[in-house]
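See below for the structure under consideration.
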Amino acid sequence: MRSGHPGPATRAIAIAGIVPAVLFVPGHALATGGLPGLAGGVLVGALAGVPAARAEWRSGPLPPGVSARLVEVTGGLVVGATLGPLATTPGKLLAVVAALGAVGAAVSRWGVSAQRALLALAAGGLALALGSSAAPVGPWTLLEPRWEAARQGAGIGLVLGALLAAVGFGAWCGTPWIPGVAGRRPFAAVGIAALAGLVALVEVAWRAEAAAEAPVAPSSAGALAATLLALSAGGAIAGRAGGWSRRVLGMAIATAWFAGPARGIGPWFWCVLLPVAIASPLAMRPGPGRWLAGATGLGIALCWPGIPATPGDAAIAALTGVAGFWVVATGRLLDRRVA
Amino acid sequence: MILALLTGLSAATVSLETEASVEVETVVVVTRADGAPMGGATVRVYYRPDLVGQREQAIGITDARGRIAWTPTHSGIARIQAADQARSLRVAPRGAPEGTLGLLITVAAMSLLLAGYGAWRPRAR
Numbered sequence: 036m037r038s039g040h041p042g043p044a045t046r047a048i049a050i051a052g053i054v055p056a057v058l059f060v061p062g063h064a065l066a067t068g069g070l071p072g073l074a075g076g077v078l079v080g081a082l083a084g085v086p087a088a089r090a091e092w093r094s095g096p097l098p099p100g101v102s103a104r105l106v107e108v109t110g111g112l113v114v115g116a117t118l119g120p121l122a123t124t125p126g127k128l129l130a131v132v133a134a135l136g137a138v139g140a141a142v143s144r145w146g147v148s149a150q151r152a153l154l155a156l157a158a159g160g161l162a163l164a165l166g167s168s169a170a171p172v173g174p175w176t177l178l179e180p181r182w183e184a185a186r187q188g189a190g191i192g193l194v195l196g197a198l199l200a201a202v203g204f205g206a207w208c209g210t211p212w213i214p215g216v217a218g219r220r221p222f223a224a225v226g227i228a229a230l231a232g233l234v235a236l237v238e239v240a241w242r243a244e245a246a247a248e249a250p251v252a253p254s255s256a257g258a259l260a261a262t263l264l265a266l267s268a269g270g271a272i273a274g275r276a277g278g279w280s281r282r283v284l285g286m287a288i289a290t291a292w293f294a295g296p297a298r299g300i301g302p303w304f305w306c307v308l309l310p311v312a313i314a315s316p317l318a319m320r321p322g323p324g325r326w327l328a329g330a331t332g333l334g335i336a337l338c339w340p341g342i343p344a345t346p347g348d349a350a351i352a353a354l355t356g357v358a359g360f361w362v363v364a365t366g367r368l369l370d371r372r373v374a
Numbered sequence: 103m104i105l106a107l108l109t110g111l112s113a114a115t116v117s118l119e120t121e122a123s124v125e126v127e128t129v130v131v132v133t134r135a136d137g138a139p140m141g142g143a144t145v146r147v148y149y150r151p152d153l154v155g156q157r158e159q160a161i162g163i164t165d166a167r168g169r170i171a172w173t174p175t176h177s178g179i180a181r182i183q184a185a186d187q188a189r190s191l192r193v194a195p196r197g198a199p200e201g202t203l204g205l206l207i208t209v210a211a212m213s214l215l216l217a218g219y220g221a222w223r224p225r226a227r
């Protein structure tokens with residue numbers, strides 16, 4: 036493994052980010068606009084994300100020190116933004132934090148096999164959610180293509196495509212590079228993430244149709260799947276080289292932040308802060324990464340969630356971005372001093 | 103208590119005589135909380151309520167028996183609004199919408215193709 040490379044965490048970010056984005060972002064365009072957003076995301080991921088990931092791989096590592104801290108902070112926020120809304124009571128919050136600690140320790144000890152087990156459990160949870168919500172009605176209302184929502188759908192597609200491309204950067208890390216085999220990993224990552232998103236979208240649509248209400252509350256099985264995906268991402272972040280306890284503590288703080296004061300900034304985090312954080316290291320170097328960063332910027336502009344509803348939410352959204360920036364900046368400074 | 107009594111009396115109940123299906127006529131029945139028919143109530147329906155592409159259709163005003171005929175024009179989630187009450191329901195489609203089904207199959211096929219290509223390991227020769 037290339038030391039300090041953001042690959043494992045970016046892969047985890049993308050896996051954790053896509054399904055909750057489908058399931059939990061309030062009023063998300065993906066469900067209200069139907070399938071075109073997801074189809075656009077798969078196309079952007081396959082036609083732009085994968086080639087960009089492979090070209091980035093060939094042209095060498097990202098600038099040292101730029102991305103490692105950024106990815107840790109971004110990953111921690113993704114895990115927090117996913118788990119926070121699920122931790123509705125102090126007891127659940129404690130349970131989530133304890134699970135984060137346990138998963139962090141397990142992934143540090145057993146590595147990829149612990150993560151695979153979590154991903155397999157999450158896939159089972161998604162399948163269970165789909166099976167339990169498959170009432171004898173068609174899930175057509177939320178899946179119906181709405182071309183009047185094309186602007187929002189295209190934006191979400193571009194952002195999702197950028198996230199899927201970040202999955203592709205998993206090719207940087209893990210097992211040694213094997214020509215002709217590892218080069219296909221970005222394709223696999225895009226396909227599997229898109230399948231997970233599709234299952235989640237159909238499940239949400241099916242449940243909404245059966246209840247004749249939209250939006251619907253997350254199902255317990257869907258929430259369990261999202262929790263396991265987020266824990267898997269948290270494990271990948273905690274399991275990087277170095278101590279895992281500090282990272283687990285950071286993710287626990289992020290979870291408490293999104294469970295409490297930052298509960299109302301979900302759309303802002305998923306549609307603006309997260310894409311900016313993922314695209315910024317790509318924009319720092321010449322090459323295809325800049326095209327990808329440009330596409331992400333276009334996606335953000337297209338699916339702009341609007342000004343936060345209250346001044347408090349606006350302040351918290353800004354504070355989240357600023358705090359993330361300063362954690363990254365001070366971390367880099369400390370790294371340089373140590374070096 | 104008087105306020106609660108008045109609120110209870112004014113609350114209406116919206117029901118359908120038969121299950122709503124697209125382009126099949128049914129009857130919307132509006133009754134008061136005490137079961138008496140509510141005549142003169144304005145009834146309207148929202149297809150895809152609170153979603154992109156919401157459509158509104160005025161059904162009309164109920165007769166003295168609190169009834170009015172309605173032929174749904176769009177399938178899927180809908181909400182009927184009558185007097186101060188709303189009822190969510192689902193209008194059954196004639197069949198799966200071809201466009202949606204086609205796009206669903208296309209996205210699933212694209213995802214499977216990508217996942218399969220990425221996971222396939224060619225044998226070393």
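So the sequence lines, in the order shown, correspond to chains W and U. Going left to right, the first sequence walks through residues 36 to 374 as the numbering used here numbers them. Going left to right, the second sequence walks through residues 103 to 227 as the numbering used here numbers them. We treat Cβ as the ideally placed atom computed from N, Cα and C, and that holds for glycine. Quick caveat: nothing in here was measured; it's all calculated off a predicted structure.
> From what residue to what residue does the beta strand (DSSP E) around W:Trp414 run?
Replying inline: Residue 414 of chain W cannot be examined here, being either before or after the span of chain W that is shown, 36 to 374.
>> Within 8 Å, do at least three Cβ pairs link the segment 264-271 of chain W to the segment 133-144 of chain W?
In response: The segment 133-144 of chain W is in contact with the segment 264-271 of chain W.
> What is the C-beta distance between W:Leu112 and W:Val131, in whole angstroms, given that I count them as a contact (C-beta under 8 Å)?
Replying inline: One-based indexing of the first sequence puts residue 112 of chain W at position 77. One-based indexing of the first sequence puts residue 131 of chain W at position 96. Not confirmed; about 15 Å, so no contact.
> What do you get for U:Arg167, buried or exposed, if any count of 16 or more other CB atoms within 10 angstroms of its CB means buried?
Replying inline: Taking the second sequence and counting its residues from 1, one reaches residue 167 of chain U at position 65. Label assigned to U:Arg167: exposed.
>> Rounding to the nearest angstrom, what Cα-Cα distance links W:Pro302 and W:Ala344 in this structure?
In response: To locate residue 302 of chain W, count along the first sequence from 1; it is residue 267. To locate residue 344 of chain W, count along the first sequence from 1; it is residue 309. Answer to the nearest angstrom: the Cα atoms are 11 Å apart.
> Residues of chain U with CB under 9 Å from W:Gly226, in chain order?
Replying inline: Numbered from its first residue, the first sequence carries residue 226 of chain W at position 191. Ordered by position in chain U, the residues that pass the 9 Å Cβ test against W:Gly226 are Met212, Ser213, Leu214, Leu215, Leu216, Ala217, Gly218, Tyr219, Gly220, Ala221.
>> Below 7 Å on C-beta distance, what does U:Ser190 contact in chain W?
In response: One-based indexing of the second sequence puts residue 190 of chain U at position 88. Per Cβ cutoff of 7 Å: Ala247, Glu248.
> Would W:Ala297 pass as a contact of W:Thr355 if the rule is Cβ separation under 8 Å?
Replying inline: Along the first sequence, read from residue 1 onward, the residue named residue 297 of chain W stands at position 262. Along the first sequence, read from residue 1 onward, the residue named residue 355 of chain W stands at position 320. In this structure, W:Ala297 places its C-beta atom within 8 Å of the C-beta atom of W:Thr355.
> DSSP three-state call for W:Glu244: helix, strand or coil?
Replying inline: One-based indexing of the first sequence puts residue 244 of chain W at position 209. DSSP, read as helix, strand or coil, puts W:Glu244 in helix.
> First and last residue of the beta strand (DSSP E) that includes U:Arg189?
Replying inline: Translated into positions along the second sequence, residue 189 of chain U becomes position 87. Taken as a continuous stretch (DSSP letters only), the beta strand (DSSP E) holding U:Arg189 covers 187-193.
> So is W:Thr262 buried or exposed if we call it buried at 16+ other beta carbons inside 10 Å?
Replying inline: Looking up residue 262 of chain W in the first sequence gives position 227. Residue burial annotation: W:Thr262 is buried, with at least 16 other C-beta atoms found within 10 angstroms of its C-beta.
> By how many angstroms is the C-alpha of W:Cys306 removed from the C-alpha of U:Leu214?
Replying inline: Taking the second sequence and counting its residues from 1, the one referred to as residue 214 of chain U is at position 112. Taking the first sequence and counting its residues from 1, the one referred to as residue 306 of chain W is at position 271. About 26 Å.
>> Measuring straight from C-alpha to C-alpha, what distance separates U:Ala217 and U:Ala114?
In response: Counted from its first residue, the second sequence places residue 217 of chain U at position 115. Counted from its first residue, the second sequence places residue 114 of chain U at position 12. Their backbone Cα atoms lie some 53 Å apart in a straight line.
>> Just to confirm the assignment, what range does the beta strand (DSSP E) spanning U:Leu118 have?
In response: Counted from its first residue, the second sequence places residue 118 of chain U at position 16. Where U:Leu118 is concerned, the enclosing beta strand (DSSP E) stretches over 114-118.
> Across which residues does DSSP place U:Ala180 in a beta bridge pair?
Replying inline: As a working note, residue 180 of chain U is residue 78 in the second sequence. Answer is U:Tyr149, U:Leu191.
> What number of angstroms, rounded off, separates the C-alpha of W:Ala245 from the C-alpha of W:Leu233?
Replying inline: Within the first sequence, numbered from 1, the residue matching residue 245 of chain W stands at position 210. Within the first sequence, numbered from 1, the residue matching residue 233 of chain W stands at position 198. A direct Cα-Cα distance of roughly 18 Å separates W:Ala245 from W:Leu233.
> Closest to W:Leu333 by CA distance: which of W:Ala314, W:Met319, W:Ala349, W:Ile351 is it?
Replying inline: For the purposes of this step, residue 333 of chain W is taken as the residue at position 298 of the first sequence. Residue W:Ala314 is the option with its Cα nearest to W:Leu333.
>> Whole angstroms are fine: how far does the CA of W:Leu368 sit from the CA of W:Gly299?
In response: Here residue 299 of chain W is taken as the residue at index 264 of the first sequence, counted from 1. Here residue 368 of chain W is taken as the residue at index 333 of the first sequence, counted from 1. The straight-line gap from Cα to Cα measures roughly 32 Å.
>> Taking the alpha carbon of W:Arg235 as the reference point, which residue from W:Glu183, W:Leu193, W:Ser255, W:Arg220 has its own alpha carbon closest?
In response: Counted from its first residue, the first sequence places residue 235 of chain W at position 200. One point to set straight first is that residue 235 of chain W is Ala, not Arg, in the sequence displayed. Of the candidates W:Glu183, W:Leu193, W:Ser255, W:Arg220, the one whose C-alpha sits nearest the C-alpha of W:Ala235 is W:Ser255.
> W:Ala180 to W:Val194, Cα distance in whole Å?
Replying inline: Reading the first sequence from its first residue, position 145 is the one you call residue 180 of chain W. Reading the first sequence from its first residue, position 159 is the one you call residue 194 of chain W. Reading the sequence as shown, one finds Pro at residue 180 of chain W and not Ala. Those two C-alpha atoms are separated by around 19 Å.
>> Quick check on the DSSP output: the alpha helix (DSSP H) that includes W:Trp292 runs from which residue to which?
In response: The residue labelled residue 292 of chain W in the question sits at position 257 within the first sequence. Under the DSSP assignment, W:Trp292 falls in the alpha helix (DSSP H) whose first and last residues are 280-294.
> What residues of chain W sit near U:Leu206, judged by a beta carbon separation below 7 Å?
Replying inline: For the purposes of this step, residue 206 of chain U is taken as the residue at position 104 of the second sequence. What U:Leu206 touches in chain W: Leu70, Leu178.
> Quick one: what's got a C-beta closer than 6 Å to W:Gly366's C-beta in the same chain, skipping five residues either side?
Replying inline: What you label residue 366 of chain W is simply residue 331 of the first sequence in a count that begins at 1. The residues Arg104, in chain order, have a CB closer than 6 Å to that of W:Gly366 in the same chain once the five nearest residues on each side in sequence are set aside.
> Do you know offhand how far W:Cys208's Cα is from W:Ala271's?
Replying inline: As a position in the first sequence, residue 208 of chain W is number 173, starting the count at 1. As a position in the first sequence, residue 271 of chain W is number 236, starting the count at 1. At W:Cys208, the pLDDT of 42 sits below 50, so the modelled position is not reliable; the number obtained from the coordinates is stated separately. The straight-line gap from Cα to Cα measures roughly 12 Å.
> Where does the unbroken beta strand (DSSP E) through U:Glu200 begin, and where does it stop?
Replying inline: For the purposes of this step, residue 200 of chain U is taken as residue 98 along the second sequence, with counting starting at 1. Segment 200-221 is the alpha helix (DSSP H) holding U:Glu200; no beta strand (DSSP E) there.
>> Does W:Ser254 come out as helix, strand or coil in the three-state DSSP assignment?
In response: Against the first sequence, residue 254 of chain W aligns to sequence position 219. Three-state DSSP puts W:Ser254 in coil, outside helix and strand.
> Within 8 Å (strictly less), CB to CB, does W:Ala169 reach chain U?
Replying inline: Taking the first sequence and counting its residues from 1, one reaches residue 169 of chain W at position 134. No - not a single Cβ of chain U is within 8 Å of the one on W:Ala169.
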